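To convert, note that position 2 of the sequence shown is -6 in our numbering; the numbers rise steadily by one, no gaps. Ideal Cβ positions, reconstructed from N, Cα and C, are used throughout, including at glycine. All of these numbers come straight from a predicted model, not from anything done at the bench.
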Amino acid sequence: MTPSYAIATDHYPARVCKLSSSINAAPLLSAADERELARRYRRNRIGCRSTVGLFPFAIRSQCGAWVHGYGLPLVDLIQEGSVGLMKAVKRYDYRRDVRLVSFAVHWIKAEIYDYVVRNWRMVKVATTKAQRKLFFNLRKNRSRLGPMEASEIEQLAEKLQVDEHPVREMETRLVGADVSFDPISDHDDDSRSLSPAEVLGARGR
């Protein structure tokens, strides 16, 4: 039996609700439907956007909900999920015994995660693959807001099977305040006002 991906939309913005209602009303795709769409796409009979439009909306929205809570609009996360879905459609091989829905989730999540890392803070907190992995694991496993105790860092490092130093470094980045690229004060002699370059330099010491 094909699973239902319909979702409740009461807590979503109006734009999301409208899009969800129209797409949730469409019939769900079976494995045979996915293969046929993939074949038609490969033969240039339909465009990638047409294929994406037939894909269950809830897959993209649920992927967005996995990282919802980072202060980014859910609509933007869903749009990024659509970009990931289009990449998946372009790379999907219908001759393999893999559902498009399973193959696409990896690409959708990757695109959304990358968007979160790029936009969550003005001063980027994760630039390498290892840092991005630690970023999401640390956010998920932190027990409370605010700086972590040394014992908590030790326990989390052991749980994630990494050294304590990268955990401590990422934790410092996460709890640090965002730095404005505009002056903090109109007074030129305000010694407390630091530029982003000065802040980054201080953190690197």
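Item, Value
"Give every residue of the same chain whose Cβ lies closer than 6 Å to the Cβ of Ala96, excluding the five residues on either side of it in the sequence, and list them in chain order.", "Leu77, Ala80"
"Candidates Gln123, Val108, Ala23, Leu69: which alpha carbon is nearest Asp85's?", "Ala23"
"Is it buried or exposed for Glu28, if we count other Cβ within 10 angstroms and need 16 for buried?", "exposed"
"Which residues bound the alpha helix (DSSP H) around Asn111?", "92 to 111"
"Rounding to the nearest angstrom, what Cα-Cα distance links Ala102 and Ala142 in this structure?", "31 Å"
"Give the single residue among Lys82, Arg83, Gln147, Trp99 whose Cα lies nearest to the Cα of Glu72.", "Trp99"
"Using only the alpha-carbon positions, how far apart do Val115 and Gln153 sit?", "Bear in mind that the predicted position of Val115 carries a pLDDT of just 47, short of 50, making it too unreliable to give a figure here."
"Just verifying my parser: in three-state terms, what is the DSSP assignment at Glu163?", "helix"
"What did DSSP end up calling Phe140 once you bin it into helix, strand or coil?", "A small fix is needed here, since residue 140 is Met in this sequence, not Phe. The answer is coil: DSSP assigns Met140 none of H, G, I, E or B."
"I need the boundaries of the alpha helix (DSSP H) containing Gln153, first residue and last residue.", "Unbroken run through Gln153: none, as it is neither H nor E."
"Taking only the alpha-carbon atoms, compute the straight-line gap between Ala149 and Val67 and give it to the nearest angstrom.", "34 Å"
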